[in-house]
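Chains as they are written, first to last, in our numbering: chain A, 1 to 454; chain B, 1001 to 1454; chain C, 2001 to 2454; chain D, 3001 to 3454.
There are 4 protein chains.
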Amino acid sequence: MAPSTPRVVVGIDVKKRPWEQLVPLHNRWHPDIPPVADVKEGELVRVEMVDWTGGRVGDNNSAEDIKSLDLTITHYLTGPLRVLDTDGKPAQPGDLLAVEICNLGPLPGDEWGYTGTFDRENGGGFLTDHFPCATKAIWYFEGIYAYSPNIPGVRFPGLTHPGIIGTAPSHDLLNIWNERERKLAETDTGFLKLCEVVHQRPLASLPTPKNCLLGKIKEGSPEWQKMANEAARTIPGRENGGNCDIKNLSRGSKVYLPVFVEGANLSTGDMHFSQGDGEVSFCGAIEMSGFLELKCEIIRGGMKEYLTPMGPTPLHVNPIFEIGPVEPRFSEWLVFEGISVDEAGQQHYLDATVAYKRAVLNAIDYLSSFGYSKEQSYILLSCCPCEGRISGIVDSPNAVATLAIPTAIFDQLSCIIYASIIVYFIQCQKVISVCIFSILFCCLFIFHKLGHKA
Amino acid sequence: MAPSTPRVVVGIDVKKRPWEQLVPLHNRWHPDIPPVADVKEGELVRVEMVDWTGGRVGDNNSAEDIKSLDLTITHYLTGPLRVLDTDGKPAQPGDLLAVEICNLGPLPGDEWGYTGTFDRENGGGFLTDHFPCATKAIWYFEGIYAYSPNIPGVRFPGLTHPGIIGTAPSHDLLNIWNERERKLAETDTGFLKLCEVVHQRPLASLPTPKNCLLGKIKEGSPEWQKMANEAARTIPGRENGGNCDIKNLSRGSKVYLPVFVEGANLSTGDMHFSQGDGEVSFCGAIEMSGFLELKCEIIRGGMKEYLTPMGPTPLHVNPIFEIGPVEPRFSEWLVFEGISVDEAGQQHYLDATVAYKRAVLNAIDYLSSFGYSKEQSYILLSCCPCEGRISGIVDSPNAVATLAIPTAIFDQLSCIIYASIIVYFIQCQKVISVCIFSILFCCLFIFHKLGHKA
Amino acid sequence: MAPSTPRVVVGIDVKKRPWEQLVPLHNRWHPDIPPVADVKEGELVRVEMVDWTGGRVGDNNSAEDIKSLDLTITHYLTGPLRVLDTDGKPAQPGDLLAVEICNLGPLPGDEWGYTGTFDRENGGGFLTDHFPCATKAIWYFEGIYAYSPNIPGVRFPGLTHPGIIGTAPSHDLLNIWNERERKLAETDTGFLKLCEVVHQRPLASLPTPKNCLLGKIKEGSPEWQKMANEAARTIPGRENGGNCDIKNLSRGSKVYLPVFVEGANLSTGDMHFSQGDGEVSFCGAIEMSGFLELKCEIIRGGMKEYLTPMGPTPLHVNPIFEIGPVEPRFSEWLVFEGISVDEAGQQHYLDATVAYKRAVLNAIDYLSSFGYSKEQSYILLSCCPCEGRISGIVDSPNAVATLAIPTAIFDQLSCIIYASIIVYFIQCQKVISVCIFSILFCCLFIFHKLGHKA
Amino acid sequence: MAPSTPRVVVGIDVKKRPWEQLVPLHNRWHPDIPPVADVKEGELVRVEMVDWTGGRVGDNNSAEDIKSLDLTITHYLTGPLRVLDTDGKPAQPGDLLAVEICNLGPLPGDEWGYTGTFDRENGGGFLTDHFPCATKAIWYFEGIYAYSPNIPGVRFPGLTHPGIIGTAPSHDLLNIWNERERKLAETDTGFLKLCEVVHQRPLASLPTPKNCLLGKIKEGSPEWQKMANEAARTIPGRENGGNCDIKNLSRGSKVYLPVFVEGANLSTGDMHFSQGDGEVSFCGAIEMSGFLELKCEIIRGGMKEYLTPMGPTPLHVNPIFEIGPVEPRFSEWLVFEGISVDEAGQQHYLDATVAYKRAVLNAIDYLSSFGYSKEQSYILLSCCPCEGRISGIVDSPNAVATLAIPTAIFDQLSCIIYASIIVYFIQCQKVISVCIFSILFCCLFIFHKLGHKA
């Protein structure tokens, strides 16, 4: 019968640098980056990818590499793949490309990852005004689980997903992107409402030839020169999918991407072992190298039929996706709420970003009262499978956002052991309050009654 | 042994108007509204409540009542309840009040509800610039399920919850609310970033004596005069909980509310048979009268110990809650994405509200292509158990928000019957495309392949 | 618009005895028990029911009532309901009756239940050779939760369901039942394989006029005399559904029952607040009075079309059902295994009953090592939402059965408080082993590592 | 930092025969089979395994290989692994060995499997009196999903698990096994109750030197001669775990195995991509080669502390396990019931095996009415993630067992396409009943209403 092993379309050698890989990578979006391979509709193929920085961040306890990371290098993507139907006819602009994520995971032999926060002056993050310095946590994987020597007492199953998956933009779409983002960047005068409370900079990352990698296009060639000056950066998610950072895009899920160029030119990268909704610390997932086994399908004319443009042109569309059936099950959640009043006490109008910021801050503070540093909590909430919800968006002036943390990520055993040890020593010293503290540490979500009894 | 039947603390007669109820209701937040009953820590009590409008909206097919609804009447709340510990000592400011939601549901004999969208000139809603007119859908309940004669082919189990649950503010907190909201309302000059795309008005609902109901405080009395001019409106969620509209606050969940006045003075109301994250159409849940069986617990000093102020005063806190174990299980979700680029194509900076708006618009459009009117879809996404997520909030300039719809809410049977009927007629007329259309109607989330084969 | 409140078809007054109820009850299966009401297809109706013993078991700490209970009185059922289609034509033999369970719960004002084990000489139970004496536990309900003063440290949400739901048998089917069960009862000579390890008696409960209640048929009348001598007892589940004790037949589920007599004559009773798979202690669910809101549908000719007789006549069929969407979610399970080797070490051949018995015994023993008595554990595993699985049934000679306990039923808080208190006292007395014991008590499922460290 | 890649302890070359593998395999349980490797507590190790037949079954459409399979060759196991603590001290008899299943799956390059039914004269299966002939279905894997060219319209995510995982028995335990099974085999006279309805043969598979493989023990040596005559066959699960065929023993689960010999001597094999509860067709899982990444922990003295002997010696214990957090989520289940009345209409006493048999037969019949052959259905229910429950085991004389099928395993799309095609042709020919049939095919679980309308 037919072979069922996935065909390896792009392999990666993690010991090599991004520009040394056998199949060339790219770190920009551009219609003219040549495909590196053809894949047929229905065919199960495997692609491998470096981590988003291409190996710049090390398996060590120093955050220096995060601090000095030049964001113009990111994200290194695998692809583009040219998608053909079973008759060999490539996908056409206007089609919809359905990509099923059949399997994915870390690269064998490279089972580790990291989470970081960027310096305020080097990109920052959602809470950079509270956490201005670069930090880093290393994560190791044991099959489905991740644990970190830097954040003890935590272990959770990964909801692994590619942070980036997208099709190549057309020239028209690329122009739209560049124009609207340039316009925003030019308004950076501090009066923007959100910027009063979210200090990330720059407002938008515009095209730059610096560190630009364009696959088979030779660096320095006239073609490269032209393309590098207009190729879109990979930081934001856009109409083509891209860096959507949707944590549920995991095993068994399916994404329907619009096709803007012949062949679709699918690229993917930025593999995350796990991520929380929002990926709040920016380098906030558990970043790693990885593999992705996928199957493509072309829906002829599907872009028009299923995606309604929500903007001035037919290109202003967004992908659709379906969630897979094997997500980790959690049954107990501790939920933090935020409203659109900022830390200065100022009222904002139905601003879900401000509300979510406050919910995250509330959660960080809560966790830190049980022995974690705020930096540990910030990183943890960025990469663990927590859920960020827009709960109410109509009760003016307050948007209500919530952050739900599955309590099962905390290793209750080590907490209890820790607590009982503390209790032992404490009793001898009659420092009852510390005792209570340590027991609280072991049962985060049931804290209240203990407090009550104390 | 001990009796276990919940004690009915506040009963409601839905045939009477809000101000005629035996136990008086209130529709403002104020520290001086007198408690209507005492409840003891650990005691299982039952409170009943009118729907948020106190019966102004009828079980009929006209949206006139929604259109002309005066928002100063809302929300009619049941309470306040004064909470005592087992020794009879009331909750104190600085305590935390844990409220377990043991059971809740529609009032026997009144098993119906409604969902509406408000006129743009009368409050509007999240998408009021797209849907400026008042609409209404009626829902009937069959045990755990709701269905609507106005939106055929849909039936789903309710994730029933109180839209409003909160403690009374202190005078200090009330002042903070009034001041910051007045300040916002005064800025209503159109330059606010979010208001370019979210047209709800007014920006904030300030105190007004009009239709003000203050429980046992006699209307027109000097005390009432004073209080009515400063009592906070119930529209937004705030530090005291209030109109948080968190759809998961259902059976078995627990909310930890800060205590600002002696006795905590807990009030609740605005019962929802079901609601989607965001409650996007404003009158967006399935609104109904209902009962709530709850149990209180006082955590002495818990406010300081577990809630960190995130603002200039110790009062700037938010409640915490835990989700209950009996939510409906859905395994298949269809997910729509939005980014912070508005319908005019303008780029906004990490604006989750804009991103979520676009995700909702994408979903409405998608559903409407299968036979629902956009108004039906808007109402449906407002009240069905869909999930609104902040997926990415750091990849500047685009926030990525997602809206996930459980496909099980669609009655696949009626779709299939409908499809097969259409197929029958269509075959006779050789209009194959319509046939395909109708089959698509019946299998929303697997649409693409059919399109592909056509 | 149309009213949606369920019509109360049979009400119950729990202060009255079964034979004093306004609408008469019955405790046997017989085709000639007259219907007490008509219900229409599609109509939402409400029926109420006494507990299975009709109030013989009291809310107190004595098991005397269980010990002396005469099993000929059970189970008191509500009905029969005659089901008509929308044209008024009754269901016919050969049809299928689909019953949707829209809502159900305890009767307001009677929110308590009990679980018991029967005396070996009075019916016994699955483990009666290990637990020969009558015991009882009382349960109180707080909304969705049950807790027992007799089994501290346990609280769980109920998966409430009717233990009995069934249609009336035809005369032919009744004859089949009586004949095959009489045949079995006559073989009671001790040589039966299962009886070596399952000592319940009698092997089958045959018809008896003693305590026979036949609804509207007047006791002592000639008709009653005839019927009472042939009416089937309600103990076992049979072709008509009946006492199937399927714990997942809860809110939103649907059962498809074969119709054997005109009108279907649907009866229901034996409401369970909660039950574990197997209901091992016989009076093993949390037994209570209750209400059931249901909707019927007639599938004409469906019995033949969807149920295949698996026996010598077309009447040898079994119902089908669908599980509802709102079961409690549990994410952590502790699983005990049993194989078909009995306590004497004897090998049985693929005997799932023996294997399950051993799995249950293993679980009881495990729990009892943490402070519960074996009697408490037996009752708990009988009524908590544990799952009993036939894991392997082909690897001769051993069937493998498993019993999975959701760890969330244990109130971790009270365990931790308890543990810390013990720790405190123990430290003073240097009795470290007791300390370890008590911590183990609080974290059943993570026991091993602590043991390891000790 | 420390490396996190799992150490490959035993590799497999699927192109080689079991006895040609670099690290020798074994297919019997015996205390004296020498360990092939040492593993340390806490260390993440990877072992690979052949399929249970060691490659005797081919990726083709003939069931000849199943028909002629000699069961004395099975099951080929990987191991034994000798487990040491961090100080290098091996596990001791009386300890408990906790094995965490961190990851597992098919071997790269060998992503396929098979399910079969055995000939009645060659082992048979649970329903061999209904299905006496050998059959086979091939399955291909696409990441988490399996599909079969032999059973169209079905695709489901695998709940992958090792069918066999166990420790070596001591000599004493081995003697107990051999004695009790020999005793049973000798009773094979047809009078055994279960054997009236379950015809599998032999009743027990006793030790035999035929095809016996004992790892490093050289075949034909005196040592081999002795051991081969007493080494236990691997067919049944026993006190050491072994062939427990528990389908939930998947990613993230943990099994606690008793230790009977120094070093524990852990072996594993018989990898299943997926299996239904009961594995009813005997070769009933999706059988494959595979890898398993695991972590061991030794709980000193844990056997005595946590496992209670349920039999005449301290060796009569059973393993305990915990279920992992990433099982596939299914929300809709179609449930079939069986009672302990056999196909001849005879009443059996609380016999869960008979009840489950009838539930499975009911399900097979139901599925076959929608176009599947009974053989296809039998195989499908054996390997898909269906749940087999002991629902009621006390209501004498009837045990009630249920079989729950997740409806999501049926590919609704292909069903709908199929249905619409049929509809098209049928309309032309006015054969409406066939049309109805085909639509039914596409919506198994909602069949009834359509039937009703027809």
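All C-beta atoms in this analysis are idealised placements derived from N, C-alpha and C, irrespective of residue type, glycine included.
CB contact below 9 Å: residue i versus chain A
i: residue 3162 of chain D; result: no
i: residue 3413 of chain D; result: Caution applies to residue 3413 of chain D, whose pLDDT of 49 falls short of 50 and renders its modelled position unreliable; the model cannot decide the point.
i: residue 3456 of chain D; result: Within the shown structure, residues of chain D are numbered from 3001 to 3454, placing residue 3456 of chain D beyond reach of any answer.
i: residue 2155 of chain C; result: no
i: residue 1136 of chain B; result: no
Identity of the residues DSSP links to residue i by a beta bridge
i: residue 3294 of chain D; result: D/3045, D/3101
i: residue 2157 of chain C; result: C/2145
i: residue 244 of chain A; result: Note: residue 244 of chain A sits in no beta bridge, so no partner.
i: residue 225 of chain A; result: Note: residue 225 of chain A sits in no beta bridge, so no partner.
Test: residue i CB closer than 9 Å to a CB of chain B
i: residue 3359 of chain D; result: no
i: residue 3408 of chain D; result: yes
i: residue 2248 of chain C; result: no
Burial state of residue i (16 or more Cβ within 10 Å)
i: residue 3238 of chain D; result: buried
i: residue 219 of chain A; result: exposed
i: residue 3020 of chain D; result: exposed
i: residue 16 of chain A; result: exposed
i: residue 1247 of chain B; result: buried
i: residue 270 of chain A; result: buried
Span separating the alpha-carbon of residue i from that of residue j
i: residue 3384 of chain D; j: residue 3336 of chain D; result: 15 Å
i: residue 3227 of chain D; j: residue 3005 of chain D; result: 37 Å
i: residue 106 of chain A; j: residue 152 of chain A; result: 22 Å
i: residue 30 of chain A; j: residue 3386 of chain D; result: 48 Å
i: residue 2398 of chain C; j: residue 2339 of chain C; result: 6 Å
i: residue 2012 of chain C; j: residue 2051 of chain C; result: 11 Å
CB contact flag (residue i, residue j, <9 Å)
i: residue 2080 of chain C; j: residue 2130 of chain C; result: no
i: residue 395 of chain A; j: residue 1282 of chain B; result: yes
i: residue 2330 of chain C; j: residue 2407 of chain C; result: yes
i: residue 3135 of chain D; j: residue 3063 of chain D; result: yes
Cutoff 9 Å: residue i Cβ touching any chain C Cβ
i: residue 1145 of chain B; result: yes
i: residue 1330 of chain B; result: yes
Chain D contact for residue i (CB, 9 Å cutoff)
i: residue 2333 of chain C; result: yes
i: residue 110 of chain A; result: yes
i: residue 2288 of chain C; result: no
i: residue 222 of chain A; result: no
i: residue 420 of chain A; result: Bear in mind that the predicted position of residue 420 of chain A carries a pLDDT of just 44, short of 50, making it too unreliable to give a figure here.
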